[in-house]
């Protein structure tokens, strides 16, 4: 599958924000960033069994003086709710990139409920939400949102729209 | 299944003594939500302690993030069976990285002590040391007497492992250390010499 070139720019934005640990539960929309993280000797790439692990990882990284980011898809946001009390109580930065499912040409109806609720759930738990719709704005939004998270010590999520990453094509 | 007999406060006191006397400098201790927070706090508060009053299931992963960020320091996660069970996937996540400066010690009373002593999965047969071994942890130990705890101490200062210490489910008086997460965060970073940002 051809990977959109903005994913290289996303990785560069994470690097320039000083991110040294990337936790992730895979999604095709994050594939290039995950691959680059594993290939980078100055990055800890941590595959998680569930998304809230990445929030705890980020907290530990911050305690130790490193910056961390979490990559997940929208279905994983629901797994994160209680763990988000951690960065909020501790006044820690938290930064996550969320690839959206269930909103644009979705084939799988099971993705729709959590995809529909993702932004509301994040906001309800105190996360600041930004959204990227177009390839030419993704990198700038990731850069600005990373600064917001790390410089203002708040939880920030960037939603990468399904239209942007491309709806999954299923072949029977 | 027979109950553990070890006094949890005596075990915690030995773990904190171990943390304070590590050759590479004070070990960084992350305590999982529940009674282990009281136990480690009662053994003597220290800036290198991070107490979780929520975020159940997150202790081991906080330990991992801290261990990766501070590769020259030793990190010790002390948690209970209930907290470890909620974050059991973390045992696989940590094993996949094999960090050399992180240990997880589970004080296992086989119960959810905080909520009315309901039996936990470990009280119903789950063996967390075997789970960890199955996840790929190279060193796992199970301890049920004080001689075992004393023998474990120097190993925790040098090795990475998952240890399950079976403790008595008897209730002990609560000891309530600091609950302010921002303060706990600030003082840990200060203790590590991390600049404010």
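Residue numbers (our numbering), protein chains in the order written: chain A, 24 to 195; chain B, 13 to 209. No residue lacks a Cβ here, since even glycine has one placed at the ideal position from N, Cα and C. As the structure is a computational prediction, the values presented were derived from the model and not from experiment.
Any heavy atom of the ligand ZN within a distance shorter than 8 Å of the CB on residue i?
i, result
"residue 64 (chain B)", "Ligands are entirely absent from the displayed structure, and the ligand ZN is therefore not among its contents."
For residue i, would you say it is in contact with chain B, using Cβ-to-Cβ distances shorter than 9 Å as the test?
i, result
"residue 80 (chain A)", "yes"
"residue 197 (chain A)", "This structure gives no information on residue 197 (chain A), because the portion of chain A shown stretches from 24 to 195."
"residue 105 (chain A)", "yes"
"residue 108 (chain A)", "yes"
"residue 76 (chain A)", "yes"
"residue 115 (chain A)", "yes"
"residue 44 (chain A)", "yes"
"residue 84 (chain A)", "yes"
"residue 174 (chain A)", "yes"
"residue 112 (chain A)", "yes"
"residue 274 (chain A)", "The question about residue 274 (chain A) has no answer here: the residues shown for chain A are numbered 24 through 195."
"residue 69 (chain A)", "yes"
"residue 139 (chain A)", "no"
"residue 72 (chain A)", "yes"
Checking contacts by CB at 9 Å: is residue i closer than that to chain A?
i, result
"residue 155 (chain B)", "no"
"residue 75 (chain B)", "yes"
"residue 93 (chain B)", "no"
"residue 110 (chain B)", "no"
"residue 48 (chain B)", "no"
"residue 51 (chain B)", "no"
"residue 80 (chain B)", "yes"
"residue 209 (chain B)", "yes"
"residue 105 (chain B)", "yes"
"residue 65 (chain B)", "yes"
"residue 86 (chain B)", "no"
The alpha helix (DSSP H) spanning residue i covers which residue range?
i, result
"residue 186 (chain A)", "185-188"
"residue 106 (chain B)", "101-109"
"residue 173 (chain A)", "158-175"
"residue 110 (chain A)", "108-113"
"residue 206 (chain B)", "Here residue 206 (chain B) belongs to no alpha helix (DSSP H), and DSSP marks it neither H nor E."
"residue 171 (chain B)", "No alpha helix (DSSP H) holds residue 171 (chain B); DSSP gives it neither H nor E."
"residue 104 (chain A)", "Counting along the chain, residue 104 (chain A) falls outside any alpha helix (DSSP H), and DSSP gives it neither H nor E."
"residue 200 (chain A)", "The question about residue 200 (chain A) has no answer here: the residues shown for chain A are numbered 24 through 195."
"residue 34 (chain B)", "That residue, residue 34 (chain B), is in no alpha helix (DSSP H); it is neither H nor E in DSSP."
"residue 140 (chain B)", "140-147"
From the DSSP output, read off the bridge partner residues of residue i.
i, result
"residue 153 (chain A)", "A:181"
"residue 88 (chain B)", "B:41 and B:115"
"residue 61 (chain B)", "B:41"
"residue 177 (chain B)", "B:119 and B:155"
"residue 130 (chain B)", "B:124"
What did DSSP end up calling residue i once you bin it into helix, strand or coil?
i, result
"residue 115 (chain B)", "strand"
"residue 73 (chain A)", "coil"
"residue 67 (chain A)", "strand"
"residue 182 (chain B)", "coil"
"residue 78 (chain A)", "helix"
"residue 82 (chain B)", "coil"
"residue 30 (chain A)", "helix"
"residue 145 (chain A)", "helix"
"residue 134 (chain A)", "helix"
"residue 18 (chain B)", "strand"
"residue 95 (chain B)", "helix"
"residue 51 (chain B)", "helix"
"residue 46 (chain B)", "coil"
"residue 67 (chain B)", "coil"
"residue 126 (chain A)", "coil"
"residue 166 (chain B)", "helix"
"residue 74 (chain B)", "helix"
"residue 198 (chain B)", "helix"
"residue 87 (chain A)", "coil"
"residue 191 (chain B)", "coil"
"residue 56 (chain B)", "coil"
How far does the beta strand (DSSP E) with residue i in it reach, from first residue to last?
i, result
"residue 95 (chain A)", "90-96"
"residue 43 (chain A)", "42-47"
"residue 122 (chain A)", "117-122"
"residue 6 (chain B)", "In the structure as shown, chain B starts at 13 and stops at 209, and residue 6 (chain B) therefore has no counterpart that could be examined."
Chain C beta carbons: is any one of them nearer than 9 Å to that of residue i?
i, result
"residue 62 (chain B)", "In the structure shown, chain C does not exist; the protein chains are A and B."
- Okay, do the segment 73-84 of chain B and the segment 27-34 of chain B touch, 3+ Cβ pairs below 8 Å being the bar? The segment 73-84 of chain B makes no contact with the segment 27-34 of chain B, as fewer than three CB pairs between them are under 8 Å.
- Query: Per the contact definition of three or more C-beta pairs closer than 8 Å, is the segment 102-109 of chain A in contact with the segment 74-93 of chain A?
  - Reply: Segments in contact, yes.
- Within the chosen definition, does the segment 86-105 of chain A reach the segment 37-55 of chain A through at least 3 CB pairs nearer than 8 Å? Contact between the segment 86-105 of chain A and the segment 37-55 of chain A is present, with at least three C-beta pairs closer than 8 Å.
- Message: Does the structure place the segment 115-125 of chain B close enough to the segment 121-128 of chain A that three or more beta carbon pairs sit under 8 Å?
- Response: The answer is no - the segment 115-125 of chain B does not touch the segment 121-128 of chain A, with fewer than three Cβ pairs under 8 Å.
- Query: Taking one C-beta from the segment 194-206 of chain B and one from the segment 143-151 of chain B each time, how about it: are there three or more such pairs within less than 8 Å?
  - Reply: Contact annotation: the segment 194-206 of chain B does not touch the segment 143-151 of chain B, with fewer than three C-beta pairs closer than 8 Å.
- Do the segment 56-71 of chain A and the segment 38-55 of chain B touch if we need at least three Cβ pairs shorter than 8 Å? The segment 56-71 of chain A makes no contact with the segment 38-55 of chain B, as fewer than three CB pairs between them are under 8 Å.
- Message: For the segment 61-72 of chain A against the segment 27-47 of chain A, do three or more pairs of beta-carbon atoms, one drawn from each stretch, fall closer than 8 Å, so that the two count as touching?
- Response: Judged by Cβ distances under 8 Å, the segment 61-72 of chain A makes contact with the segment 27-47 of chain A, as three or more pairs qualify.
- Query: Three or more beta-carbon pairs under 8 Å between the segment 124-138 of chain B and the segment 164-172 of chain B, yes or no?
  - Reply: Not touching, per the Cβ criterion.
- Message: So, does the segment 141-150 of chain A touch the segment 172-188 of chain A, judging by three or more C-beta pairs under 8 Å?
- Response: Segments in contact, yes.
- Three CB pairs or more closer than 8 Å across the segment 157-171 of chain A and the segment 134-142 of chain A: Contact fails: fewer than three Cβ-Cβ distances are below 8 Å.
- Message: Taking 8 Å as the cut-off, does the segment 101-112 of chain B touch the segment 76-85 of chain B (at least 3 CB pairs, one atom from each stretch)?
- Response: Taking a cut-off of 8 Å for Cβ pairs, the segment 76-85 of chain B and the segment 101-112 of chain B touch, as three or more such pairs fall below it.
- Message: I want to know whether the segment 146-155 of chain B touches the segment 83-98 of chain B - three or more CB-CB distances under 8 Å.
- Response: Put simply, the segment 146-155 of chain B does not touch the segment 83-98 of chain B. Fewer than three CB pairs are less than 8 Å apart.
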